[in-house]
Amino acid sequence: MDPTTIPDDNRGPGLVAAAWAMGFAGCCLLALRMYSRVKIIKRTGLDDWTMVIAVILALVTNIIVTLMVHHGVGRHTMHLGENQRANAVYMIWLSVPFSPGSAAFGKVSIALLLIRLMNRNKVYEAFLWVLIFLLFAITLVLVIITFAQCTPVTFLWDRVRVPPPSGNCWDPAIQQNFGYFQGAFSAASDLFLALFPILIMWDLQMPLRVKAGICFLMSLGVV
Numbered sequence: 609m610d611p612t613t614i615p616d617d618n619r620g621p622g623l624v625a626a627a628w629a630m631g632f633a634g635c636c637l638l639a640l641r642m643y644s645r646v647k648i649i650k651r652t653g654l655d656d657w658t659m660v661i662a663v664i665l666a667l668v669t670n671i672i673v674t675l676m677v678h679h680g681v682g683r684h685t686m687h688l689g690e691n692q693r694a695n696a697v698y699m700i701w702l703s704v705p706f707s708p709g710s711a712a713f714g715k716v717s718i719a720l721l722l723i724r725l726m727n728r729n730k731v732y733e734a735f736l737w738v739l740i741f742l743l744f745a746i747t748l749v750l751v752i753i754t755f756a757q758c759t760p761v762t763f764l765w766d767r768v769r770v771p772p773p774s775g776n777c778w779d780p781a782i783q784q785n786f787g788y789f790q791g792a793f794s795a796a797s798d799l800f801l802a803l804f805p806i807l808i809m810w811d812l813q814m815p816l817r818v819k820a821g822i823c824f825l826m827s828l829g830v831v
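Everything in the sequence shown is counted per my numbering, starting at 609 for the first residue and increasing by one.
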């Protein structure tokens, strides 16, 4: 295909802008949270520090996204040189531990917060601890599968070179299907963590109208 027939559009800057806008919002919310916990309540919990880790991993992801765009992500591959393509693919794979890791730590932070609010309900706590274990385990397996699928590991990104170096990979369906599973589990855990607080609030001693309003606000996390 003739590269001159394909417009050299670059959607990378929009991707970078969106990533850093969300990163800035996340940092602001985290700063407010930590200020209230450290200065006002004068006590922090494990849920606070896991959220700090989540934001740090998200910022690392944003740095990698910026480097992705620098190496050509957002442009058609026909307009990229061989080194640009290899470097862009390398950056994409490099983001795998950080982006899902950030999401996992964020969910774990919410689960730990709910455990703290449980008032020693053992059944609810058990569900949340199982969820925390699964979030970490599934994310770890995803990272292992990603970087173990090719031998040598550099073949993950160098295979886009012409001619490609020697190397071999598993059936791509293995990593793809587990990626689908991880994404589905992540979405299901989002839904669970958005609706689960309703069970806690419903047991509190407060007027029904107030209780219903708070539960409605908490359930907005489903969106």
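Ideal placement from N, C-alpha and C gives every residue a C-beta, glycine not left out. Because the structure is a prediction, the values reported are computed rather than measured.
Residues near methionine 642 in its chain [Cβ-Cβ closer than 8 Å; skip 5 each side]: Position 34 of the sequence shown, counting from 1, holds the residue named residue 642. Taken in chain order, the residues that qualify are Thr652, Asp656, Val660.
Residues that threonine 747 bridges to, as DSSP identifies them: Within the sequence shown, residue 747 is the residue found at index 139, counting from 1. Answer is none; threonine 747 lacks a bridge partner.
If you compare alpha carbons, which of Ala694, Ala795, Val677, Phe706 is closest to leucine 748? Sequence index remark: in the sequence shown, residue 748 carries index 140 (1-based). Out of Ala694, Ala795, Val677, Phe706, Phe706 has the C-alpha closest to the C-alpha of leucine 748.
Contact belief for tyrosine 732 with leucine 807 at Cβ below 8 Å, rounded distance in angstroms: To locate residue 732, count along the sequence shown from 1; it is residue 124. To locate residue 807, count along the sequence shown from 1; it is residue 199. Right, the Cβ-Cβ distance comes to about 7 Å (below 8 Å), so this counts as a contact.
What are the start and end residues of each continuous alpha helix (DSSP H) run of 4 or more residues lying completely inside the stretch 764-828, in chain order? 780-810, 816-827
8 Å Cβ cutoff met for valine 751 and threonine 658: Position 143 of the sequence shown, counted from the first residue, corresponds to residue 751. Position 50 of the sequence shown, counted from the first residue, corresponds to residue 658. Taking 8 Å as the Cβ cut-off, valine 751 and threonine 658 do not qualify as a contacting pair.
Using the C-alpha atoms, what's the distance from phenylalanine 804 back to serine 601? The structure shown does not extend to residue 601, since the chain is modelled only from 609 to 831, so the question has no answer here.
Tell me where the alpha helix (DSSP H) around serine 703 begins and ends. Here residue 703 is taken as the residue at index 95 of the sequence shown, counted from 1. No alpha helix (DSSP H) contains serine 703, which DSSP labels as neither H nor E.
Let's see if you can read the secondary structure: which residues bound the alpha helix (DSSP H) around glutamine 725? Working through the sequence shown from its first residue, we reach residue 725 at position 117. For the record, residue 725 in the displayed sequence is leucine; it is not glutamine. Per DSSP, leucine 725 belongs to no alpha helix (DSSP H) and is neither H nor E.
With DSSP collapsed to three states, give me the class of threonine 652. Position 44 of the sequence shown, counted from the first residue, corresponds to residue 652. Three-state result, threonine 652: coil.
Going straight from the alpha carbon of proline 771 to that of arginine 683, what length do you get? Taking the first residue of the sequence shown as position 1, residue 771 is located at position 163. Taking the first residue of the sequence shown as position 1, residue 683 is located at position 75. Roughly 22 Å separates the two Cα atoms.
Glycine 680 and alanine 696 - do their beta-carbons sit closer together than 8 Å? Position 88 of the sequence shown, counted from the start, is the residue given in the question as residue 696. Position 72 of the sequence shown, counted from the start, is the residue given in the question as residue 680. For alanine 696 and glycine 680, yes; Cβs fall inside 8 Å.
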